[in-house]
Structure formats: C-alpha cells, structure tokens
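Chains as they are written, first to last, in the numbering used here: chain A, 1319 to 1838; chain B, 1319 to 1838. Written out below as structure tokens is the structure these notes cover.
2 protein chains.
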Amino acid sequence: MQDRNGAETLVETLLAGKVDVCFANPGTSEMQFVAALDKIPGMRCVLGLFEGVVTGAADGYARMADKPASTLLHLAPGLGNGLANLHNAKRAQVPLVNIVGEHRQGHKETDSPLTGDIEGVARTMSEWVKTSTSADHIAADAAEAIREANTLPGRIATLILPADTAWTKAQPHGKLDFAAPAPTMPSSAQFDAAVKALQSGEKVILVLSGRALRAAPLALASQIVQRTGATMLAQYANGRIERGAGRVAIARTPAPVDQGVAAFKDAKHVILIGAKVPAPMFGYPGKPDYLMQPGANLIELAAPTDDLHETLRELAARLKALDAVPLLEAQKELALPQGVLTAEAVLRTISALMPENAIIVDESISAGRSFFPVSMGTPAHDYLQLTGGSIGSGLPMATGAAIACPGRTVINMEGDGSSMYTIQALWTQAREKLNVVTVIFANRGYQILKGELVSVGAASWGERAERMLSIVEPDISWVKLAEGMGVEARAATTCEELAQLIRHAVSRPGPFLIEAQIGR
Amino acid sequence: MQDRNGAETLVETLLAGKVDVCFANPGTSEMQFVAALDKIPGMRCVLGLFEGVVTGAADGYARMADKPASTLLHLAPGLGNGLANLHNAKRAQVPLVNIVGEHRQGHKETDSPLTGDIEGVARTMSEWVKTSTSADHIAADAAEAIREANTLPGRIATLILPADTAWTKAQPHGKLDFAAPAPTMPSSAQFDAAVKALQSGEKVILVLSGRALRAAPLALASQIVQRTGATMLAQYANGRIERGAGRVAIARTPAPVDQGVAAFKDAKHVILIGAKVPAPMFGYPGKPDYLMQPGANLIELAAPTDDLHETLRELAARLKALDAVPLLEAQKELALPQGVLTAEAVLRTISALMPENAIIVDESISAGRSFFPVSMGTPAHDYLQLTGGSIGSGLPMATGAAIACPGRTVINMEGDGSSMYTIQALWTQAREKLNVVTVIFANRGYQILKGELVSVGAASWGERAERMLSIVEPDISWVKLAEGMGVEARAATTCEELAQLIRHAVSRPGPFLIEAQIGR
C-alpha cells in the first residue's frame, strides 16, 4: 500500500470489495485509473465503444453475478450517455458502482468545454452520489460506494473522482468496512394480514418480484399456492427469473392494460412480495392507473429491501405449507416450427433449441410477449428482460451476463428498433469472445408503437406518422453491421434456416448474430 | 384552430414560431404528436434511430439555420440518451427546443417502469425547463420555449408534455408572442477600456467566439487588427466559423495546454468578444488553469448575450478603423498529397478538393488539429466543430447541417473512436438522401488519449491500458457499417484512392462514407 496514488488506491479498494470487473469508456480525466490497471493486477477491464454499452453491461453482469461491477465514465456527458441503461439497472434493482472522472478541483471554475453538473446528472439515476475531495479519502469513499451498492435489493452508487485525487499520492488508510446492512424482514402484523387473506377462502394473488423469482423462493411460493389455492404472478418487469425444467413456472403480469386489469379482476386480496402495486406501463385515455379493482385489499407484505426468500419461507411455515409439493415444470421435447418466419416461430425455435443452463436476454418488445407460454418445457435457464422500458438494454445486458457466466450460452432476443440504440455492444462481444447469440426480430419497425398509437386514441394515421414508426427506406442489414464489428452473422428467412443457424451458433465459441427476417 | 388537441396545438405553435423541422425518436407518450403530423402539414419530421442522433442533428441544424429545430424525445431515459449532444449544443450556443413526452398526469405516482425525473435530467443541460399542466397552456408554453431558445446567443429550452395534455382538446388561445429580447451592447466604459488597451502600443489579443466568427464581423475585427497591430484568435471551440477564400482567416487558440500558454505569453491585454477567459480543456499536474499570464489585463468587452457584430463595428468606429483594409484570404490551388495516407494527407486532400460553399464538420479530434493551417486558400466554407468535448457529435451534426442547407455539400471529418458513439446517424442520412460525405480517420484508437495519458503523468503504460485506448481486436469495417445502414462506402489506403473517392462522393447526390485507413 506504499506509494499508491488515488487511482491505484481505488483499484485496490474495488478489488478488496470483490469488485473485479470494470466496464469502461475512459477519457482524459480517467487516464490515471487506466494507468493503474497495469500496476495492480486482478481487475478485468472491458472496453465499450459507447457508454450505454458500459452501463448496460454492468447491469447484465450484476443480474447474474449478484455483485456489482464498476463502470468507468468520463465527466457529465459520458455519464449522460450511460443514463438510460442506469435507469434500466435501477429498475432491475442491481448493485452497481459508477466511477466518474471529474476535472481537477479548481479547473471547473474555468468552465472549459467539458465542464458540467456531474452530481446533478448522477442523482437522476443513482441512489447514492459522492464526490471525493482528496486522494486520502478515496479508499473510504470507494468502500462506502460498494457498501451502498450491495444494500438490498441492490443500488446504483456513483463516485465522482476529480483528476487530482487520482494522481496525488494517497496516505495509507485504516481497515475498510465493506459489509452492507443485514436484510430486514416484514413485521409479524404484516405476516398476520397475509395469512388471514390466504386463509379467507377468497381469491388472493401473490405478486412477486426481485429475488423472490429465483428457483428456491419460487418453490416456496408454489407450496403456498398449492396449500391455499391462491394464484401467483410475477411483476411485469423483473431483473431475473429462474425458470425452465425443474423449476416453478410463473406468469408475468400482462403488459397491455386491458389484459392486466383482467388478470386482477376477481382478486379480493393482492399480496406484494418485493413487487410494486401493479400498474400499466402508461396511462391511457379512459383507462385506470392501477390494475387492481378499487375495492381490493392490498397487503404490502415484503418490500424490495426485505429478505424475500426468508419472507416466503416464514409465510409458508405460518401456513403450514412447507410439506406441500411445489409444482415443478417438466422438460419436454418442443416441436420445431416450419416454413414462414413469424415472431412466434422465432420464439418456438429458440425454445426448442436452447441449451441447458442458457441465459435468455429478452428485449424483443412486442414480438416476445408470448415467450413465456411458448417456452414451457425448456431446460432450466435464466430470463433477463428490459426492466425500465428504455430500449437499448438487450445487447449490453447480454454482454455483461456473458462476462459474469463464461461457461454458459447467452441468447439475446432483440427487437430491430431496440438493437440500434446500443449496436456498438457487438464489438465488445467480439473483442471479449463472448458466447452470445443475438437474434434480431427484423420486422422493420417500432411495431409496439403502432399499437400504442391506437391506445392513446389515434385510430388511424397517415404517411408521415408511418415514417416515424417504420425502420425502412433504407432497410438495415444487421448481418453487415455485425460483420463490420467482427461478429459472424447470417440472415434467416425460413424456420428451417433459423433452426440451422441457431444450432450452429450455440455449438461454437464466440458471438454470432442471426437476422430473423420476419414476414418477408 | 377549432377542435385541436394539445399535440395539434403544439405543432401549429411551433410552425407559427418558424420551427418547422423536428428531429424525432418518439415513444408511447409522444404518439399524439406523431399523429398530429399528418393532420397539420408543414413540419419536416426526421427520424433518428437513437436520441443522440436527434439532439446532435438539432445542434447542426441550428448552427447553420440560425433558428431552432425541435426534438421529440421519450421520457427521462430518452432525454438522457440525448444529453451528451445537448451538452455540445449548449456549448455551441445554439437555439434548440426539446419536446419531451411525460406520463399522463397522475400516472407518475404508480412509479411504473419508465417513470423518472425528466425535469432533473433536463435541467443539467437546458437553460429553460417547463412542464405543461394543461392542453390549454401548450400554445403559450411552446411560444415561451421558442422565445427562450431564440434569446441570444441561443439557448436550450426543454418543454415537457404529459400525455394527457397532448390528447385533451385545447381551448382557442390568444395572440402568441414569439419575439426574443433585443440584443444588448457593452457599456461605454467597456469600450473605453478596450480602446485604451488597443491604443497603448502594448501587445493585445482579441479573443473572438460565437457570432463574431461570421465573415462580416471577422472583417471588422481584421480592420481593427490592421489599424492597431493587435492579434486576434478564435476561442478553441466554437459553434461555427465562416472561413476560406474572400474571408478573414483566424487561428484558433491551441488545444494543448503548453501551446495555449505560449500563444498568450506576451499579451499585456486580452479582450474577450463573446469568448470565455481562455483556459485549457483539462487541468494537468503542474500546469495552469488559465492560459493568460497572471499579470495580464483582462477586458471582458462583449458577453455572448451581446450583439457581437455591432460590438465590433462600434469598436472599429471608435478606433477609426472602418476605412482600414481587412486582410482577406485568397483562393489558391492546393497540391494533392501522394502515396501513404497520413492524417495530414487526409486533411490536405479534403482541402484541395472541397467544393465551393461546403460545410466542414470536424470531429477528427487529434487528427484534425492541423486543418486550419493546411486549409489556407480553400473556397469559402463553414466550419463546424465539436464544441463541448463530448465525442459523438460529428455524424449527427453533419446530418442536421445538411437538412438546414439542402443545396450544399457537407464533409464530415470524423475520428474512428468518436464515430462509434452515434454511428446510427448514417441511416438517417440515407433515408433523407443527404449530401454528406463522411471521412473516417481510421487510425484504430483513441489517439488523443495516449497523449493525455502522458500529460497527466503516466509516462508509460502496459498491455491492459493499451487495450482501453485502442480500437483493434477486432478491427472495425466502417464500409460494412455504412452499407448496413444504406450508405454507399469505400475504403482508401493511399492518397490517390482517397482523392478519387472524394471526387466521386462530392459529385453525386446522397451520402457517402470513406474509410481512410491511416498508417497501414
């Protein structure tokens, strides 16, 4: 620890706090950090060619690793470029440590071109923000950032480092505290209310989210359902669901508002376990802002900050359900569709061919809504989805998930519109030789928005509106985009071609992209 | 004006305020606006596949049109994606009107996935932010946004529209006021101080920025220089400079701190005309935060909000310099370089072949630093550069400039690293059939950062740092990226090939990309 500058102290502290992956897009103010990487071994540093790739990869990494990666970002605009995927990461409730370089203290007063309000930008998407003021504080500040990030259910922590704190020699520091606060539990009165509802004989829906959607807590939830006759539903958007053969299947709350309202129509009691009060993505004319009926009884059993696994165990114990048999999904042979490529045919083909222990990253938006019913009987897998609704999450998330789980295959189901936000992630996949198979649902437009246009009351539209919702004139070749960034790629126009390409892609190391030309 | 909803009222008001181009990346909350485009003719709506393209294009448009375009962005994360180029636009001092859709009022309380602090995000890069609360207020709010945007020197105005204000019928509104405040002038005492310095016989540097860098005010500055023996310099980063044959040549303040300090070493007086106090981009160990000598006399003659053209006329009049002969640049035949392609050879080739009245968009970063000396004698052209230091500005800026000036050729000198931030702009260039020639300086890395690494004290670095600064493994093919988005493209490996490709590209309509493979 002798003769370390602030940047070197930072790298050492991150490693001591078990943060050993850094997704980076550095600039001048971060050069000391880059230099420190060569002096202190142990940090895997992954370059992204755009900051949205960096923050989205850190999100995907944390969803699979259950610990934070760090990011390295350049001043206010660099953080700004990463903001949308920090929004998605925040909604996925992952731990994440952003390191943002700042001008040398004092230089900011010159208002030179890159000067900006980093803290202001950071606060919009971070739960914790701090600017270090001295090289001597960096170790304690970084430890605090890691502690904050690891506080349940996972938080976005942003540490801002003025350039001079990075290049100045740091004094040796004392023992660092990395331990996040212990998880909390619901009160006994909350359990009593839940138990009462579940024993009432009236219709109850358990709404689960967060870490309640892992295999073990889902089995407990299934035991409760088996014993009480309640229904369970996952929140619409969740960071990670463990599903497939040998696990408990759970449906998600439907995204379209009418279907969402229908799902909750008869529920007399709604019990939240790490979930928010169920609501549609958007407000629409003449439609409600909440999915439950106004008279239903809402029981907020466990907050996202509670230990959801232990909450379900306790609830099952109180209901004497621990000896009930959870309903586990059986693996089955799924038929391969044939002929013309439709969105559903792509989902069926992926379901039929996904390898054991795959990671499915779903940003297929409108096309993927039937994935859950279609994929019953697939091998065990993790399902990661767009959580914050800000498209451009899928390719980076797949990148980060692959770095967290080197031995597994990542299959990224990706909308064509959404892929274009952070297409640069393909280059990182090529450089890091990641096992990611990207399937582009090339339906040539923002299909979901055409439905939304109707929902907000615009029943018909003309040529100019159509031009804002279609990605045609010119058509995009995702094969060329991928090849341009060093990723092997092919297009599929039939189910047979798609199946052949998926078999090829999952059998070889490194990234591969398939452009599924839907409806042509 | 009967039977208009809020979105239709907005489109009508923008058109009445002469805002007739909208760069858009809409989502659900903006669907009413999209529908309104078909009902109310006159708005040119241009789709960008990523919000950084949208805001950067609005910047480029405003630099050339001297009036605002509007943007159409989706909620907090959509605005976040556009933030970096709003930073650059703010530093270019352009007028710009952002329209950001928000959830229906009341829906925000559900904290549904796309909920975020739009005003918080907007405030970090906007001079004016307002959320409309009723369809009836939209006309007045939009007029205020346009007035704010057009306030000198140009401001970023962000208007947030909850979805219900867009779909609700709006009451007819009264007469709208679009007139921005009249420009101000320096005080007589400020002129006296400047005149005294310029007549002192001591060394004076005039530092110009903003609209002082157009041809007519530059001619006045040249008359002052001819009469007094002063020196003039442009600020390092400026929104637009009119240069080339028949105009007054002006050098920019050098970017490297040592050269910047050398430029101001002997100046006893520094007079600012729309410029900031000269400072280096970054603070470095042992280097000053300002370029002037500590004892020099700083005269802040004209602020960016003043009428800079009239300020120079008044100053010239007080100095009895209006009959001096400005030093105008003569057009000359420039030699074409031959053989191996270097960064300077690319600059020389572009200089030799640029057509009359071209628009040069420069985001070549390290490679382009010698463009000004190398391009003496070229035809008259506009020079637009990266103003805020946040890379990813060039391709969108070129797109917007081409939409503002359909009859002119845009040549975008683009770094390879910077191009990857907003490469999606190529698709918009193809769709809109814009006359943009993109020349990628493919030197396979963030060359400028290697210099910066040395400047912050890291004299040597190893393999891991090198990997963070190089865009190799894999090499990128910009030809394939361009073709994938419908833009014709070729690579050049020699000066002769480059010259042939530039001749071809400027002689045909529509976009073209040249990958200049430097040093291979």
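Just so you know, even glycine gets a beta-carbon here, dropped at the ideal spot from N, CA and C.
Chain-order list of chain B residues neighbouring Met1786(A): Ala1342, Pro1344, Val1352, Leu1355, Cys1363, Leu1365, by C-beta distance under 8 Å. Collapsing the DSSP output to three states places Lys1487(B) in a strand. Rounded to the nearest whole angstrom, the CA to CA distance from Leu1702(B) to Ile1677(B) is 7 Å. Under a 10 Å Cβ-count criterion, Val1566(A) is classified as buried, with 16 or more other Cβ atoms of the shown protein chains found around its own Cβ. In the structure shown, Ser1737(A) adopts helical secondary structure according to DSSP, grouped into three states.
His1421, Arg1422, Gly1424, His1425, Thr1428, Asp1429, Ser1430, Pro1431, Leu1432, Gly1434, Asp1435, Gly1438, Val1439: these are the residues of the segment 1416-1440 of chain B whose beta carbon lies less than 7 Å from some beta carbon of chain A, given in chain order. Our two residues, Asp1607(B) and Met1349(A), have alpha carbons roughly 18 Å apart in a direct line. With a threshold of 7 Å between beta carbons, Gly1378(B) makes no contact with chain A.
Around the CB of Pro1499(B), fewer than 16 other CB atoms lie within 10 Å, so the residue is classed as exposed. DSSP lists Thr1756(A), Ala1807(A) as the beta-bridge partner residues of Leu1831(A). Residue range 1362-1365 is occupied by the beta strand (DSSP E) that includes Cys1363(A), with no alpha helix (DSSP H) assigned at that position. A Cβ-Cβ contact shorter than 7 Å links Pro1792(A) with Gly1804(B).
The segment 1447-1456 of chain A makes contact with the segment 1480-1494 of chain A; the number of CB pairs closer than 8 Å reaches 3 or more. Per DSSP, reduced to three states, the secondary structure at Phe1600(A) is coil, with no helix or strand assignment. The three-state secondary structure of Phe1368(A), taken from DSSP, is coil.
Around the Cβ of Ser1540(A), a 10 Å sphere holds 16 or more other Cβ atoms; the residue is buried.
Taken in chain order, the members of the segment 1722-1755 of chain A whose beta-carbon sits within less than 9 Å of a beta-carbon on chain B are Gly1735, Met1738, Tyr1739, Thr1740, Ile1741, Gln1742, Trp1745, Ala1748, Arg1749. Contacts with chain B (Cβ-Cβ distance below 9 Å) from the segment 1699-1712 of chain A involve Leu1704, Thr1705, Gly1706, Gly1707, Ser1708, Ile1709, Gly1710, listed in chain order. The Cβ-Cβ distance between Glu1674(B) and Pro1697(B) falls below 7 Å. For Trp1446(B), the enclosing beta strand (DSSP E) begins and ends at 1446-1449. Taking CB atoms only, Thr1442(B) has a neighbour in chain A less than 7 Å away.
Judged by DSSP in its simplified three-state form, Ser1684(B) adopts helix. The C-beta separation of Gln1553(B) from Phe1582(B) comes to about 12 Å, leaving the pair out of contact by the 8 Å criterion.
Listed along chain A, the residues sitting closer than 9 Å to Pro1603(B) by beta-carbon distance are Arg1422, Ala1481, Asp1482, Trp1485, Thr1486. Within chain B, the C-beta atoms nearer than 7 Å to that of Asp1607(A) come from Gly1424, His1425, Thr1428, in chain order. Judged by DSSP secondary structure, Ser1540(A) falls within the alpha helix (DSSP H) whose first and last residues are 1533-1546. Counting only Cβ-Cβ distances below 9 Å, Ser1795(B) has contacts in chain A at Lys1798, Glu1801, Gly1802, Met1803, Gly1804, in chain order.
By the Cβ criterion, the segment 1437-1452 of chain A is in contact with the segment 1467-1475 of chain A, since at least three pairs of Cβ atoms, one from each stretch, lie closer than 8 Å. Residues of the segment 1586-1603 of chain A that bring their beta carbon within less than 8 Å of a beta carbon in chain B comprise Lys1594, Val1595, Ala1597, Pro1598, Met1599, Phe1600, Gly1601, Tyr1602, Pro1603, in sequence order.
In terms of beta-carbon proximity, Gly1492(A) stays away from the interface with chain B, with every pair separated by 7 Å or more. In the assembly as shown, Arg1666(A) is a buried residue. Its beta-carbon has 16 or more other beta-carbons within 10 Å.
In the DSSP assignment, Arg1561(B) falls within the unbroken beta strand (DSSP E) covering 1559-1561. Annotated as distal: Val1579(B) and Thr1442(A), with beta-carbon spacing of 7 Å or more. Pairing Glu1801(B) with Lys1493(B), the inter-Cα distance amounts to about 49 Å. Per DSSP, Ala1573(A) lies in no beta strand (DSSP E) and is assigned neither H nor E.
Residues of chain B whose Cβ lies closer than 8 Å to the Cβ of Ser1347(A) are, in chain order, Phe1600.
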